[in-house]
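So the structure is just underneath, and the comments pick up after that.
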Amino acid sequence: MNYKGGCLCGALRYQAERVPVTTGYCHCSLCRRSTGAPVVAFASFPIDGFTYTRGTPSIYRSSPTGRREFCNQCGTQIAYRDLDDPETVDVNSGTLDNIEHVEPTHHIFTADGVRWLNLGDHLPRYPQGEPGKD
1 MNYKGGCLCG
11 ALRYQAERVP
21 VTTGYCHCSL
31 CRRSTGAPVV
41 AFASFPIDGF
51 TYTRGTPSIY
61 RSSPTGRREF
71 CNQCGTQIAY
81 RDLDDPETVD
91 VNSGTLDNIE
101 HVEPTHHIFT
111 ADGVRWLNLG
121 DHLPRYPQGE
131 PGKD
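Residues in the sequence shown are numbered from 1 upward in steps of one, following the UniProt record's numbering.
Quick look at the structure:
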């Protein structure tokens, strides 16, 4: 299955040719600040097979190892890349054309989460990042 998506204005489009390695919700403060949302749904795709098919993203260094890719016309944040995990790219699920195909399986960085937000699901919750990832 090909996963396709893009920004609000359409200047930036991408596709991922492989299924996500993982999908989830991130509650970290950097994701909140960079998107303006209290939590961010994401899908981690293998880097091989992920390409931009229209436009070139602007890149913002949000932490020593984190890079956020966004449209320089409308500002939509498309992806996050962790230099410590060069095998995957985390795509903001809301930018996917068919978001229904990437249902979240867990929550990460819940220790940083907004206390008034309760999604009410029964997915596993991890106070820090995903188990098995540095």
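For every residue, glycine included, the Cβ atom is placed at its ideal position computed from N, Cα and C.
Find the nearest neighbour of residue i within the set the options, judged by alpha-carbon distance.
{"i": "VAL39", "options": "PRO57, CYS28, HIS122", "result": "CYS28"}
{"i": "GLN128", "options": "ASP121, LEU119, HIS106, GLY120", "result": "HIS106"}
{"i": "TYR3", "options": "HIS101, SER34, ASN72, ASP85", "result": "HIS101"}
{"i": "HIS122", "options": "CYS74, ALA79, GLY24", "result": "GLY24"}
{"i": "ASP85", "options": "PRO64, GLU103, GLN73", "result": "PRO64"}
{"i": "GLY113", "options": "GLU103, GLY6, ARG32, PRO20", "result": "ARG32"}
{"i": "TYR14", "options": "VAL21, THR22, CYS74, GLY5", "result": "GLY5"}
Just to confirm, are residue i and residue j a CB contact at a threshold of 8 Å?
{"i": "LEU8", "j": "THR51", "result": "no"}
{"i": "ARG81", "j": "ARG67", "result": "yes"}
{"i": "THR88", "j": "ILE47", "result": "yes"}
{"i": "ASN98", "j": "PHE42", "result": "no"}
Is residue i near the ligand FMN, going by C-beta to nearest heavy atom under 7 Å?
{"i": "ARG68", "result": "Among the ligands in the structure shown, none appear at all, so the ligand FMN cannot be discussed."}
Helix, strand or coil for residue i per DSSP?
{"i": "HIS101", "result": "helix"}
{"i": "ALA11", "result": "coil"}
{"i": "GLY129", "result": "coil"}
{"i": "ASP90", "result": "strand"}
Assuming residue i contacts residue j under a Cβ cut-off of 8 Å, what Cβ separation, rounded to an integer in Å, is found between them?
{"i": "PHE45", "j": "PRO57", "result": "No, PHE45 and PRO57 are not in contact; Cβ-Cβ is about 15 Å, not under 8 Å."}
| task | Could you pull out every unbroken alpha helix (DSSP H) segment of at least 4 residues lying fully inside the stretch 8-84, listed in chain order? | result | 29-35
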